[in-house]
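From first to last, the protein sequence lines are chains U and Y.
Heads up: the first sequence is residues 6 to 397, going by my numbering.
Heads up: the second sequence is residues 265 to 366, going by my numbering.
In this text, a Cβ means the ideal position worked out from N, Cα and C, and glycines have one as well.
On a predicted model such as this, the values are computed, not experimentally measured, just so you know.
Working notes, beginning with the structure itself.
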Amino acid sequence: MKNKSMIHLTGYLTVKVSGRGLERFINAALREEIAIWHVKRLGTETIVLRVYAKDFASFQELAAKFSVEFVIVDKSGIPFVLRRAKKNAGFIVGLLFGLAILYLLANMIWDIEIKGASPELEYKLTNQLKELGVYKGGLKYFVDDPQTLQKTLTQNNEEITWIGVTIDGTTYTFQVVEKERPEEEEKTGPRHLIAKKEAVIVDYFIEKGEPVVSINQFVRPGQMLVSGLIGKEDEPEIVSAKGKVWGKTWYKTEAAVNMKTKTLRLSGESQVKRFLQIGSVKVPIAGFTLEQYNKKEVIEEVIPIQLLRWELPIAMIEQTIYEAEEVEFLYSEEEARNLAMEAAKKDLLRQLPKDAKIVDQKVLHEQVENGTLKLSILYDVIEDIATEQLIR
Amino acid sequence: MAKSFRNKLQQWLTAKLDLPEDVTMDIPRITMVGQLHVYIENHNGLISFKETEIRVLLKDNQGQLLVKGHDLVIKTILPEELLLEGTIEQIKYIKDDQGENR
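What follows is the structure, encoded as structure tokens:
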């Protein structure tokens, strides 16, 4: 039997043939070795058949000899598809080009994220990655797989304990875990620790040195707390004394609160004014004829105008102007005292070092004078009272 | 006379040597696949072709072969081979004594 797999390669025509004695025409075609197939009768004098494109010339000749008419119904096979494609070459080239670009862009590295690295290391890694082909605009083809990248980076950088490499589409993410190095200790010279203020020792923690005070001992400023001389008395070893000595110290503060205060209160009336901001110029666009308030609060809201991802230099400004009233306010003595103590405590905490704690507070004196409450308060604070003194 | 002598010789040889007849002689070989296909080898051209009936001339005055059915389509036609497709209902040999057809 005939091998039909080649039909599409050579191309064939579907032809409608009409005339008398079509059987004889077919027999003649066979004798001429014109391959014919898929012969179908349509009417008494019409048939449809298929013939190879290469045989078409002899088919035409034969048709003329038998005086039969024919019409080409369809052209099939690769040669015809190609011929048609040639006509639409521009379109196809464009399509292929578009696909190629899409493919290229999809394989490009668009973003590189390095997480968990210090700025110096990040800079170093960025440069190394550039050499390895990982940079914005680079192609993923030329980059090793994540495992190899991970290995290379870990080997090249001693300060990295582990680096995780993930590719998420067009983004490379590097999760860096840096080796933690102990902070280098400052070299300190030989020294004692002495008290910087009057205090009662509450507790101490000495890393180095010989404590010369005990708990509950009262110390004055300048008094030695921890000695830098340790060992035998006649041949002492000189060290840099180090440690914390917690002492209870006292702070006396004065606070004054005006019991009569004036505040602004909103009446509930408001009006809106709108501006268009172009660059740094504000152009009012709505709310020209507004009544003027004596006292007012203005809240401004800027609405930037965005175009896709970009912010335009044009913005809408909406000003809401609230009418305000001045209200006089009188605190009770109790309220005023609370306010004053709160304020004083805050103030003190701001002055103290971070690790200091206020443990007690006492109001020593309280006086109302011309509507003002004056307080003097004593605070008990526990803080590190040690300071260094060099041994010469 | 010479032809019939050759025929006889061929027949005799085929019988004696146990050769398949369709190979040595121009006898049609017809293969059917259910009602779907008829495959005819050793034909000698079409006589008539309709959707319901096809007549095929056979070689060496063996007459005609008539295939009846419906929706008949000539799938392939080559000088000696013919593949019919459709719903085949009957196949019939028609001997004509005139020797020459049409």
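1) What is the DSSP secondary structure of Phe210/U, counted as helix, strand or coil?
2) Should Leu395/U go down as buried or exposed, given a rule of 16 or more other Cβ atoms within 10 Å for buried?
3) Alpha carbons only, please: which of Ile12/U, Leu27/U, Leu100/U is nearest the one belonging to Lys59/U?
4) Taking the alpha helix (DSSP H) that Leu357/U falls in, what are its first and last residues?
5) Mapping the DSSP letters down to three states, classify Met321/U as helix, strand or coil.
6) Along chain U, in chain order, which residues have C-beta atoms closer than 8 Å to that of Phe313/Y?
7) By Cβ distance below 6 Å, which residues in the same chain neighbour Ala349/U in space, the five residues on each side in sequence not counted?
8) Quick check: the stretch 270 to 281 of chain U against the stretch 320 to 331 of chain U, are there 3 or more CB pairs under 8 Å?
9) Since I believe Thr340/Y is in contact with Leu347/Y (beta carbons under 8 Å), could you give me their beta-carbon distance rounded to a whole number of angstroms?
10) In terms of residue numbering, what span does the beta strand (DSSP E) encompassing Leu230/U cover?
11) Look at the Cβ atom of Thr19/U, then the Cβ atom of Tyr57/U, and state whether they are nearer than 8 Å.
12) Where do the ends of the alpha helix (DSSP H) carrying Thr131/U lie?
13) Where Gly2/U and Ile165/U are concerned, what is the direct C-alpha to C-alpha distance, given to the nearest angstrom?
14) Assess contact between the stretch 241 to 255 of chain U and the stretch 205 to 225 of chain U, defined as three or more Cβ pairs (one per stretch) separated by less than 8 Å. Is contact present?
15) Buried or exposed: Asn93/U, going by 16 or more other Cβ atoms within 10 Å of its Cβ?
16) Note the first and the last residue of the continuous alpha helix (DSSP H) segment covering Phe71/U.
17) Determine the direct distance from the alpha carbon of Ala345/U to that of Val262/U, and round the result to whole angstroms.
18) Between Ile338/Y and chain U, is there a C-beta pair that is closer than 8 Å?
19) Can you find a C-beta in chain U that's less than 8 Å from the C-beta of Ile341/Y?
20) In whole angstroms, what is the alpha-carbon distance linking Lys359/U and Glu393/U?
21) Please classify Ser268/Y: does DSSP put it in a helix, a strand, or coil?
22) What are the boundary residues of the alpha helix (DSSP H) that includes Gln180/U?
23) Give a yes or no on contact between the stretch 293 to 304 of chain Y and the stretch 348 to 355 of chain Y, applying the rule of three or more CB pairs nearer than 8 Å.
24) Below 8 Å between beta carbons: does that hold for Ala391/U and Gly194/U?
25) Can the beta-carbon of Val217/U be found less than 8 Å from the beta-carbon of Gly252/U?
26) Should Ser72/U be labelled buried (16 or more other beta-carbon atoms within 10 Å of its own) or exposed?
The relevant details are as follows:
1) DSSP, read as helix, strand or coil, puts Phe210/U in strand.
2) exposed
3) Ile12/U
4) Where Leu357/U is concerned, there is no enclosing alpha helix (DSSP H), given that its DSSP letter is neither H nor E.
5) strand
6) Leu27, Glu28, Ile31, Val44, Arg46, Ile52
7) Thr258, Ala260, Ile382
8) yes
9) 4 Å
10) 229 to 232
11) It is not a contact, given that the beta carbons lie outside the stated cut-off.
12) 124 to 136
13) Only positions 6 to 397 of chain U appear in this structure, which leaves residue 2/U out of reach.
14) yes
15) exposed
16) Phe71/U -> no alpha helix (DSSP H), and no H or E assigned at all.
17) Looking at the two C-alpha atoms, the distance is approximately 6 Å.
18) yes
19) yes
20) 19 Å
21) helix
22) Element bounds for Gln180/U: not the alpha helix (DSSP H) but the beta strand (DSSP E), 176 to 183.
23) Yes, the stretch 293 to 304 of chain Y touches the stretch 348 to 355 of chain Y.
24) no
25) no
26) exposed
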